[in-house]
Amino acid sequence: MKTIVWKELREHGFWVPLALAATSLITLYAMYGQDLLFNRLDLMAMSVFAAAIIASLLGAFQSWSNYRLESRALLLHRSITAKAAFAAKFIAGLLMHSLATLPPLLAAAVWIAMDDRHTLVAYWDEMLPVMGYTLLAFLCWPASFLVVQRHARWIGSRLLPLPCAIWILAFSVMSTESVDSQLCWVGLGLAVFAAGTFSFAAYNTFVSLGRVNGSPRVALGMLHGLSLLVAAFATAIAIQQYHYEHSYLAGTSTTHSIRLDQDGEPILAFAEFSGNQIRRSKAAKMSTEGSVLDQLKAVDDWEVSLSRLPTWYLANSEPRLASMNASQKLFQVLGTLARRIATPPRTADADSLQRNLVGQILNPKLAVWIYVLDRRSGKILVYSEDNELTHELSPEKATGAIRFRELADNSAWNANFYYSHYSAAQVVYAPQGETYLVVAFEDAAYVLENDGMTVSRFFDMPNGTPLIASSKCNQFGAGVVDQGLRFGDRLVMIQPRGDRERKTTSETASVQGVRYFQTTVNLPTQLVDAPLLQIARLPGSRDELVALATKGGDNYLWVRLNVAGEVLEERTYHQPTPSTGPAYQQAPQVLVAALFPLIGFGLLVMISLSVGQGLEQFEWDYWLANPSASIAFCAFLVLQIVVALSLTYWACRHYRFSKTVTRRWLFASLLGGPFVGLGLMSVTTPVAIQWCATCRKRCRADVGECENCQQALDQPSRRGIEIFDNERVNPVATVAI
Amino acid sequence: MQLKVNLGGNRPIYKQIIDQVRQAVSSGELPVGASLPSVRQLAEELVINHNTVARAYAELVREGTLESQHGRGVFVAKRRSVFSATERKRRFQHALDVFLADVSVLGYSADQIQAEVAAKLESFAATE
Amino acid sequence: MLDRTPAVRTRGLTRFFGDKAVLQGLTLDVPVGEVSALIGHNGAGKTTLIRLLLGMLEPTRGSCELLGCDSQSLSPETRGRIGYLAEGHFLWWWMRAKDAARFQRETFPSWDQQMFDSILRFFGVSPNDRVRHVSRGQRAGIALAMTLATDPELLVLDDPSMGLDPVARRALVEGLLAFARRDGRTILICTHLLDDVERLADRVAVISGGQLVVNASMDSFRERVVGWRIDRAISSGLQGIPGLIDSRQIGDRTHVVIADPDDETAAAIDRLGGEAIQEELSLEDSILAFLRPATMIGSLSHALEGK
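Printed below as a string of structure tokens:
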């Protein structure tokens with residue numbers, strides 16, 4: 001095996017320096033080419049993409065060099081097992097892949113760790129996931145190996161593993177930074193599954209010169225079916241996009257939403273849009289008796305004012321944070337292992353999250369300033385547009401983690417908060433035309449004032465309670481935008497006040513001439529778990545508030561409460577909000593029906609049931625309200641099923657599957673749509689068919705007997721005369737000499 | 001004695017060897033008791049399969065032209081008749097046919113041929 | 001005499017590519033200790049047969065064995081006892097001769113370095129020569145040395161003389177003959193060069209159109225296939241001759257090739273009229289009679305002259 005690894009390296013090693021040069025350039029570009037801010041996703045995307053190309057080329061070269069019989073026999077026809085030969089190729093491939101892709105990333109990590117005077121805001125262990133996914137890109141190697149080795153009837157189905165691998169890789173890379181972090185695990189699992197399947201299939205076809213039997217056909221077919229499905233969806237989305245762009249302005253849509261009106265009462269607001277412009281709107285007071293949709297049908301009260309109370313919308317971000325943390329645990333393992341590697345003393349003892357991006361701000365000279373928190377020095381660093389450090393701001397006790405404890409303390413992964421929208425909220429204080437940046441830290445919330453040139457602590461965070469939401473207050477037509485912070489069962493509302501409204505209560509703080517009036521509200525139990533909470537001060541009252549919470553489905557809870565959390569009044573409403581999408585959505589829905597397999601609908605229904613908050617498409621009312629769309633949808637769904645079943649049936653007949661196997665595949669196609677049949681066709685070679693000499697019918701050639709007449713097939717009609725020695729092996733008479 | 005084989009010809013190689021050995025023995029080029037190259041040596045010399053040589057030798061031993069002495073090699077045997085009377089007659093007729101066909105194109109008259117043959121026979125008898 | 005399992009044994013070996021049969025019902029034994037030549041057109045299925053034998057391709061139906069071991073599951077030990085010389089003397093271009101030796105030494109248990117060196121010397125190759133720099137004949141020498149020095153019991157050769165000059169070709173034949181002289185060594189050789197077949201082979205097998213048409217020892221093949229020359233152009237009636245293999249009209253003569261002629265054959269030829277002379281056939285003519293397709297009636301030179 002050692003010899004074969006050596007042979008592979010000798011044969012293909014000269015690609016490594018070339019590839020290394022390319023990856024080095026890419027790393028340099030990703031780190032210094034564009035921006036002050038190191039964007040890990042950019043580096044990851046570029047690096048993984050390059051690694052995928054390198055792995056694909058290596059896989060193609062390494063299998064192509066043994067594609068012909070002569071070279072294959074030279075490699076395999078010796079006293080070694082084919083498994084060892086494949087393993088040697090795999091190891092050599094992985095070695096070359098790593099040598100070509102990892103050194104630039106390692107060098108970058110070491111450089112970041114050694115020198116903290118550079119302007120780049122990055123942490124060395126951010127490179128670990130990049131390296132991990134770069135290595136994962138090696139899954140393209142068996143895929144491309146498979147493409148070269150595997151015979152297929154059609155070049156398209158032969159090529160399929162490669163786009164499939166690249167798609168899975170892209171998906172798993174994207175999922176690391178996606179909003180829904182559980183996808184990270186799905187992406188990773190899918191990638192590992194694909195790598196295993198491709199490797200096994202590549203091994204089997206390598207050993208048997210393109211033989212398909214014996215490779216994991218169901219798994220391979222699944223991957224192929226999946227990537228075809230995604231390709232179909234991509235096409236559907238492209239069509240939708242085209243459709244959207246061309247008919248957007250012509251389409252009208254309506255929305256219903258539930259809000260608090262000026263008196264603190266819940267209203268059902270209705271708006272009609274043309275494109276993305278509100279054309280007209282009206283509203284109806286909600287009733288506990290039942291739906292008030294009927295009242296909106298009257299045509300006389302269009303153009304109602306939707307100006308309402310200043311209301312905070314506070315979405316509970318706990319579940320999202322929890323899932324993000326879970327996905328980041330994976331990289332903690334890598335991070336802890338990596339910390340044992342000797343690093344320069346300056347960073348070895350320090351937390352890896354010494355600096356965080358706070359945000360950026362437009363200063364009075366209309367230049368963009370970038371604020372970065374350096375937690376080691378406890379300063380906020382201000383960089384100019386040219387990436388030069390222009391100022392260092394020292395907030396009072398600004399050390400410690402940013403408020404999201406898990407995210408900040410334990411994660412070696414999500415170092416930059418550039419993407420974490422909750423860590424800083426930009427607050428505009430309109431009367432002075434000034435812009436403030438409010439930043440929530442572990443110990444306190446700070447505001448960047450004075451055109452962003454000073455940092456002030458204005459709110460002490462309660463100890464030990466995670467911040468689950470931070471929100472600006474929405475108020476149509478008014479300039480003042482306040483800040484709301486939600487901790488578990490508490491809500492803190494912070495409002496800047498002008499100098500004239502000076503208050504000297506314990507809850508009032510004055511910073512640099514601007515005051516922040518802060519109110520802490522204890523939330524009653526009904527509201528603690530609400531995923532979305534609207535809350536507003538009741539007009540004319542200092543202590544009373546109104547809150548509107550969704551309870552899932554069409555149920556709403558309206559509560560009048562005081563700051564102590566006592567419920568003064570409580571009402572529940574049931575109000576459907578049947579919004580209609582613009583006309584342009586109709587056509588793509590039909591398209592989706594034609595493509596989306598039945599099992600997908602089942603999954604969507606299950607998800608919407610478990611979340612308790614369904615898409616409107618899954619409610620009968622929607623279907624009854626749109627009969628033509630519903631009929632088209634169903635027709636296309638039926639058409640899809642018919643196409644899927646006939647495709648699979650044809651394929652099963654063609655491959656001469658038994659009735660049981662055919663039935664199984666038909667069932668799978670019923671659930672999985674046409675992609676099951678296509679996947680099946682992409683991994684199955686047709687059975688050779690011949691004419692039976694006895695019964696003159698077509699029959700399978702791979703069995704000894706004709707399936708129709710049970711006569712032996714080996715009765716070749718020879719032409720002419722043959723000469724055979726029919727006697728037993730006849731060694732030549734030898735003479736003793 | 002120098003054996004030669006002609007590849008691609010109408011006669012199989014082992015028959016060519018047989019013909020040439022017979023010719024050499026009957027012309028006296030190989031006297032009785034003369035040793036022939038070993039199978040291996042001849043095969044190497046002619047660059048042919050040793051089985052072919054062995055087959056030719058076996059045929060020659062069978063018809064009595066050669067005899068094999070175990071462990072020592074192959075030698076020209078004392079002449080003895082191994083053919084039946086009709087076979088002898090057939091072979092003689094065949095040789096005569098070939099000879100006549102060959103010389104007829106040379107333009108000799110029947111008398112001249114008879115004279116040449118008689119002279120040849122005399123010298124042949126003298127050497128023996 | 002010897003009751004050994006054949007070195008190569010196929011039973012009803014059939015292979016389809018798509019719906020086309022490349023090999024059909026091939027039943028062939030290659031006895032141990034002999035040289036068997038496999039002859040056929042380009043594309044007659046020889047390479048497919050070798051792929052099947054080496055287990056690089058699976059048969060559609062039927063089976064094949066090498067040294068008594070099924071080709072589909074050749075163990076590394078068995079593979080070590082089988083030498084294969086690829087078509088065109090394929091070698092990795094980056095190799096030096098000594099790299100080739102290292103590669104073989106570490107993957108074959110019975111490697112004979114001395115034999116390797118002496119074959120290289122014979123072909124005038126030094127151990128440091130790179131494969132891509134040596135001549136075609138020298139490359140053949142390296143390939144031959146790589147194969148023979150593994151001391152195989154069975155040697156499978158795919159067109160070993162292709163592209164070689166006469167000197168290299170002769171050296172190759174000498175090498176193979178020396179190999180064949182050793183006890184119990186079997187050679188299966190695919191070639192188009194009938195001179196080499198004549199020198200080397202004990203047995204001859206002819207494949208035509210995916211089917212085996214000849215499988216006989218060289219002697220019986222040459223004895224049983226006989227030619228007749230008829231001094232008359234005959235357009236019909238030839239099919240009546242028993243054992244007719246092939247017929248060709250050249251000018252006003254007809255050449256027929258017949259298997260196992262007897263009195264009935266002679267009578268049938270007599271009935272056709274014209275003077276008929278029996279003639280011995282060269283190996284080439286005998287084999288051509290089996291390979292020539294039905295379209296090639298007469299000779300090309302006549303066809304080109306507009307006859």
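Chains as they are written, first to last, in our numbering: chain F, 1 to 737; chain C, 1 to 128; chain W, 1 to 307. Note that beta-carbon positions come from the ideal geometry of N, C-alpha and C, so glycine has one too. Computed from a predicted structure; not experimentally measured.
Under three-state DSSP, which class holds residue i?
| i | result |
| --- | --- |
| Asp112 of chain W | coil |
| Glu501 of chain F | Note that Glu501 of chain F has pLDDT 43, beneath the 50 cutoff, so the model's placement of it is unreliable and no number is given. |
| Thr662 of chain F | helix |
| Gly274 of chain W | coil |
| Arg222 of chain W | helix |
| Ser274 of chain F | strand |
| Val32 of chain C | coil |
| His574 of chain F | strand |
| Met114 of chain F | helix |
| Pro17 of chain F | helix |
| Thr3 of chain F | helix |
| Pro266 of chain F | strand |
| Val47 of chain C | coil |
Determine the closest residue to residue i out of the options, with distance taken between C-alpha atoms.
| i | options | result |
| --- | --- | --- |
| Phe75 of chain C | C:Asn10, C:Lys4, C:Tyr14, C:Ala24 | C:Ala24 |
| Lys89 of chain F | F:Lys7, F:Gly187, F:Phe270, F:Glu289 | F:Lys7 |
| Phe221 of chain W | W:Leu91, W:Val197, W:Arg229, W:Leu54 | W:Val197 |
| Arg72 of chain F | W:Leu57, W:Arg81, W:Leu67 | W:Leu57 |
| Ala84 of chain F | F:Met1, F:Asp543, F:Thr205 | F:Met1 |
| Thr265 of chain W | W:His255, W:Gln249, W:Leu193, W:Gly243 | W:Gly243 |
| Pro37 of chain C | C:Asn49, C:Val53, C:Ser26 | C:Val53 |
| Gln2 of chain C | C:Gly8, C:Glu29, C:Glu63, C:Ile13 | C:Glu29 |
| Met46 of chain F | F:Ile535, F:Gln495, F:Ala137 | F:Ala137 |
| Pro597 of chain F | F:Pro674, F:Arg663, F:Trp141 | F:Pro674 |
Taking C-beta pairs closer than 7 Å, name the residues in chain W that residue i reaches, listed in chain order.
| i | result |
| --- | --- |
| Gly704 of chain F | Arg61 |
| Ala118 of chain C | Here the premise fails: no neighbours, minimum Cβ distance about 31 Å. |
| Thr81 of chain F | Pro76 |
| Ala43 of chain C | Leu177 |
Do you know how far the Cα of residue j is from the Cα of residue i?
| i | j | result |
| --- | --- | --- |
| Tyr29 of chain F | Leu105 of chain F | 12 Å |
| Pro163 of chain F | Leu139 of chain F | 12 Å |
| Asn51 of chain C | Thr10 of chain W | 25 Å |
| Thr86 of chain C | Ala86 of chain W | 53 Å |
| Val492 of chain F | Ala315 of chain F | 14 Å |
| Leu353 of chain F | Leu527 of chain F | Per-residue confidence for Leu353 of chain F stands at a pLDDT of 32, beneath the threshold of 50, marking its modelled position as unreliable; no derived number is given. |
| Gly93 of chain F | Glu11 of chain F | 11 Å |
| Gly738 of chain F | Gly672 of chain F | Past the edges of chain F, shown from 1 to 737, lies residue 738 of chain F, and the structure says nothing about it. |
| Pro216 of chain F | Ala21 of chain F | 37 Å |
| Val186 of chain F | Ser172 of chain F | 8 Å |
| Lys98 of chain W | Gly88 of chain W | 20 Å |
| Asp285 of chain W | Ile166 of chain F | 59 Å |
| Ile168 of chain F | Ala194 of chain F | 8 Å |
I want to verify the contact list: residues of chain C whose CB lies under 9 Å from the CB of residue i, in sequence order.
| i | result |
| --- | --- |
| Arg199 of chain W | Val5, Leu7, Ile13, Leu46, Val47, Ile48, Asn49, Thr52 |
| Arg170 of chain W | Val47 |
Using a cut-off of 8 Å between C-beta atoms, extract the partners of residue i located in chain W.
| i | result |
| --- | --- |
| Arg40 of chain C | Arg181 |
| Thr3 of chain F | Arg102, Phe103, Glu106, Thr107 |
Using a Cβ cut-off of 7 Å, pull out every chain F residue sitting near residue i, in sequence order please.
| i | result |
| --- | --- |
| Trp94 of chain W | Arg10, Glu11 |
Taking C-beta pairs closer than 8 Å, name the residues in chain C that residue i reaches, listed in chain order.
| i | result |
| --- | --- |
| Leu291 of chain W | Result: empty, since nearest Cβ-Cβ is about 16 Å, beyond 8 Å. |
| Arg222 of chain W | Pro12 |
**Study point:** Secondary structure, beta strand (DSSP E): runs of 3+ residues fully inside the stretch 34-109 of chain W
**Key:** 35-40, 61-66, 82-85
Practice item. Ignoring anything shorter than 4 residues or poking outside the stretch 133-189 of chain W, list the alpha helix (DSSP H) runs there in chain order. Key: 136-148, 166-181
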